[in-house]
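Take a look at the structure below.
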Amino acid sequence: MMSTTASLPLARLLGRAAETRPQRFQPVRAQRRVCAKVVSGGVDMALEPKNTREVENRIRQELLDPKQLPSSYDTAWLGNKFVSSALDINSQLCLVDTLENMGISSHFSCEINSILDMAYRSLLQNDGNITMDMETCAMAFRLLRMHGYDISSDVLSHFAEESRFHDSVEAHLNDSKALLELYRASLVRILEDEGTLEKIGAWSGKLLKQQLCSNRLSRSISPKEVEYALKTPFYSATLEPLQHKMNIERFNTKGIQMQKSSYLACYATEDILALATEDFHAAQSIYQQQLHHIETWAKEFGLDKLKYARVMSWDVFVFMASTVFPPEQYDASIAWIQNSILTVIADDFFDDGGSIEELKNFIDLIERWDADAGIEFCSEDVEILFRAVYDTNNQIAAKGAVVQNRRVVDHIAQVWLALVRAYMVEADWARTRHVPTMEEYMAVAEVSIALGPVVAPSIYLVGPEISEDMVRGPEYKDLLRHMSITIRLLNDIRTHKKEMSEGCINSIRMCALRDGPEVSPASIEAAEREIRGVIADSRRELLRLVVSEAGVLPRPCRDIFWNSHKIAHHFYAERDGFSRPKNLIAAVNAVVHEPLRGTPS
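Residue numbers for the sequence shown follow the UniProt record's numbering, so the first one is 1 and each next one is one higher.
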C-alpha cells in the first residue's frame, strides 16, 4: 500500500512557483562575437575583415535610419547618433527579430538595446502607435520580455478576447503574420497568473490552425512557419544553430517585408545574408574543432573500452552544446560536453554495467577525490571511469580557478558525489524492488537526471566571476531544481511505457497508482496530464529566473540552465523530436558537418 505522502498531488510535493515579481529588469547586453577561420563550401558569401566591418556598418545604419546613410562608414558617428524615428518602430523591431533569427544580433547590441529601450518607453506611455497595432505590440512584448525588461502581460490585455476587438484592429484577424506574432508572445509566460496570455494563446492558435487548414494564410508568411510554431513551444524548444542555418538557407534577399508595404532595402538583405553566412561558417569550424578535441579526449581515457556504455556518436554532444553556448565559449562548451558524456556512462554503469562491489568502489573513490590516496580499483572499468571523471574535472577546475580567481574543484567534486549517491539509491531500489513515495522519488530523481555535474564545471568557464555564495545560494539551487524537474519529468513521460513494462520506477506510474494498486488507461492519462502541468509550472518558473534581474547570478550563466532545458525538450519530444534517430542524425549533420545550401536570390 502506498504511503499517504505518495497520494499528495505532485505539484504540492514540488512546491509552488515563486509569485514575487521583480521590480525592474535590465536589457541584456550582447555576450558574443564569433571570430574563427571561415571554412569553405556552401554559399560563397565569406567576407574579408574590412568588408565585414563595412557590412556591419551598413546593417547598423538600417537599424538607425535608412534614409541618412553617411558618406563613409564612421563607427563613432554611428555610435553617437540616436535611433531615428524615420523608420517606424514595427520595422525596427522586425529587423531586430531578423538579426536574431539569422544569428548575428550580437554584432549590433548597442543599436538593438536603443530600439528596445524606445519600445519599452512607448509601451509604458501607452503609445497607440504600438499598443493598438497587434503585430507591433506582440513583437515588442516578446522581445522585451526575453531581453530582460520588466514588461507586464497587461500591455496585451486588449487582445485577450477575440470578441472584444475594436474596429481598428479587427482587420488583423485575417493578418496571419500579426496572429503568429500574438501567438508567439502568448508563449513567453513567466508568472503563474498570466491569464491574458493563456486566452490570447487559445484564440490566436485556433485561428492560425483554421487559416492553415483552409489555405487562407497571408502571403507574407509560409505554412511551414505556422505549422512549426503551433507544434513547437517558441522559446522553450528553439535550437538556435539549427534554426539559424534553416533561416539562412531560405532567406530572401529580394527584401524583408515589414509592416504593410514597407520593405527593407535589397542591399541590406544581402548584407544580412553575407554576415550570417560568415558567422555560421566560423561557428561550424569551431564545432568541428570541438569534435576533434572530444574524440582525442575519449581515446586518451579509453572510454571506448567500456562495453556497457550505450553507443552515441560524439558529434551528438557537440551538437547539443552548440545550443547551450555561443561558439567563442570554447572551454565552457568542452566541459559541458565532457561531463555530459561522463554522466551518461556513469548512469549506464550503475544501471547494469557494474557489480555492487564495483559501484561501492567507485563511490568510495569519488568521496575521497584523490587519485593518490592508495585506493585499489576492483576492476578496469572502475579505473577507466574514475580516471576520466577525476582527471577531466580537475583539469576543468584548474582552468576555472584562473577565470574565477578562487578554488572551484570542491564544488565540482561535491556535485559528482551527490550524483553517484543518487545513482546508488536508484540501483538499490531496483535490486530490492522497493517502491518509494513520490516525495522520495523526486528527491532522488532531480539529482539523478545529472544536470548538476554537467552545469557546475562549465559555468565557471563562461567568463563572469561567480562567488561561492552565488553557487550555494537560493537562485542557483532554484535554477538547477526547475531545470532538473522539467527534464526529469519530460524523460518520464517519454519512457514510461517501456519502464512500466520492465517494472521500473517512474513518476507516471506512481501517479497512476495513487488511487489503487491497478494501473488503468484512464489513470495513466490523468497522471500524464498532472505531470505535464508540473512541467509547465517549472518551465515557466525557470524562464522567470533566467530573464529576471532580481538575482545575482550573471545572465550568461543563467542562460546555461535555459538552453540545457531546450536541448532536453527536443530529445524527449514525442512528436518530431530527436526520439527518432533519423531526425537527430539529420540535425547533427546540418549543424556540425554539412555546408550551407544555396539560398534563394
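Virtual Cβ for every residue (Gly too), placed ideally from N, Cα, C.
Check                                                                                                                                                                                : Outcome
Evaluate the contact criterion for the region 319–333 versus the region 420–438: three or more CB pairs, one atom per stretch, below 8 angstroms.                                    : no
Report yes or no: do the region 559–566 and the region 447–467 share at least 3 C-beta pairs separated by less than 8 angstroms?                                                     : yes
Taking Cβ to Cβ, would you say I115 is nearer than 7 angstroms to S122?                                                                                                              : no
Can you list, in chain order, the residues of its chain with a C-beta nearer than 7 angstroms to that of L69? Leave out the 5 residues immediately preceding and following it.       : Here the model assigns L69 a pLDDT of 34, short of 50, so the residue's position is not dependable, and the following value carries that caveat. Closer than 7 angstroms at the Cβ level, and outside the excluded window around L69, lie Q61.
Using 10 angstroms around the beta-carbon of L197, count the other beta-carbons present and answer buried if the total reaches 16, otherwise exposed.                                : buried
Applying the criterion that 16 or more other CB atoms from any shown protein chain within 10 Å of the CB defines a buried residue, is N589 buried or exposed?                        : exposed
From which residue to which residue does the alpha helix (DSSP H) around W562 run?                                                                                                   : 555–572
Suppose you measure from the CA of K307 to the CA of G354; what does that come to, to the nearest Å?                                                                                 : 11 angstroms
Look at the alpha carbon of I112 and the alpha carbon of E328, and state the distance between them as a whole number of angstroms.                                                   : 21 angstroms
Report, in whole angstroms, the separation of the C-beta atoms of L553 and M470, which I expect to be a contact under 8 angstroms.                                                   : 5 angstroms
Using only CA atoms, which one of I585, R544, E54 lies nearest to E270?                                                                                                              : E54
Leaving aside the five residues before and after G137 along the sequence, list all residues of the same chain whose C-beta is less than 6 angstroms from its C-beta, in chain order. : What sits at residue 137 in the sequence shown is Cys, not Gly. Cβ neighbours of C137 beyond the five flanking positions: I130, T131.
Classify V311 as buried or exposed, calling it buried when 16 or more other Cβ atoms lie within 10 Å of its own Cβ.                                                                  : exposed
Does the beta-carbon of V547 have 16 or more other beta-carbons within 10 angstroms, so that it is buried, or is it exposed?                                                         : buried
Nearest to Y228 by CA position, among E499, Q243, Y441, S467, is which residue?                                                                                                      : Q243
To the nearest angstrom, how far is it from the Cα of G551 to the Cα of C557?                                                                                                        : 12 angstroms
Exposed or buried, what is P474 when buried is set at 16 or more other beta-carbons lying within 10 Å of its beta-carbon?                                                            : exposed
Run the CB neighbour count on residue 609, radius 10 Å, all protein chains shown included, and call it buried at 16 or more, exposed below.                                          : The question about residue 609 has no answer, for the chain in this structure spans 1 to 601.
What residue from I272, K399, I487, I356 has the CA that sits closest to D428's CA?                                                                                                  : I356
Work out the CA separation of V444 and E502 for me, nearest whole Å.                                                                                                                 : 20 angstroms
If the criterion is Cβ atoms closer than 7 angstroms, does the pair L93 and M139 meet it?                                                                                            : yes
Any chance the region 516–524 sits against the region 475–494, with 3 or more Cβ pairs inside 8 angstroms?                                                                           : no
The alpha helix (DSSP H) that contains G128, what's its start and end?                                                                                                               : 128–131
How should D381 be labelled, buried or exposed, when 16 other C-beta atoms within 10 angstroms of its C-beta is the threshold for buried?                                            : buried
Cα-Cα, which of E192, R555, V425 is closest to H538?                                                                                                                                 : Residue identity check: residue 538 is Ser in the sequence provided, not His. Measuring from the Cα of S538, the nearest candidate turns out to be E192.
How about F301 and A388: do their beta carbons lie closer than 7 angstroms?                                                                                                          : yes
In its own chain, which residues sit with a C-beta less than 7 angstroms from the C-beta of I459, not counting the 5 before and 5 after it?                                          : I466, C557, I560
Apply the 10 Å Cβ neighbour rule to T232 and answer buried if 16 or more other Cβ atoms are within range, or exposed otherwise.                                                      : buried
Please identify the residue among Q289, L385, A119, L156 whose C-alpha is closest to the C-alpha of L342.                                                                            : L385
Can you give the Cα-Cα distance for I505 and L513, rounded to whole angstroms?                                                                                                       : 11 angstroms
Output the boundary residues of the alpha helix (DSSP H) element that contains Y120.                                                                                                 : 109–124
Could you please give the first and the last residue of the uninterrupted alpha helix (DSSP H) stretch that includes R219?                                                           : Segment: none, R219 is in no alpha helix (DSSP H) and carries neither H nor E.
Answer with buried or exposed for C213, where buried requires no fewer than 16 other C-beta atoms within 10 angstroms of its C-beta.                                                 : exposed
Please name the residue, chosen from L273, R532, S106, L239, that lies closest to F251 on a Cα-to-Cα basis.                                                                          : L273
Rounded to whole angstroms, what's the CA-CA distance from K299 to M500? Just pull it up for me.                                                                                     : 36 angstroms
Check whether the Cβ atoms of K209 and A160 sit closer than 7 angstroms, and answer yes or no.                                                                                       : no
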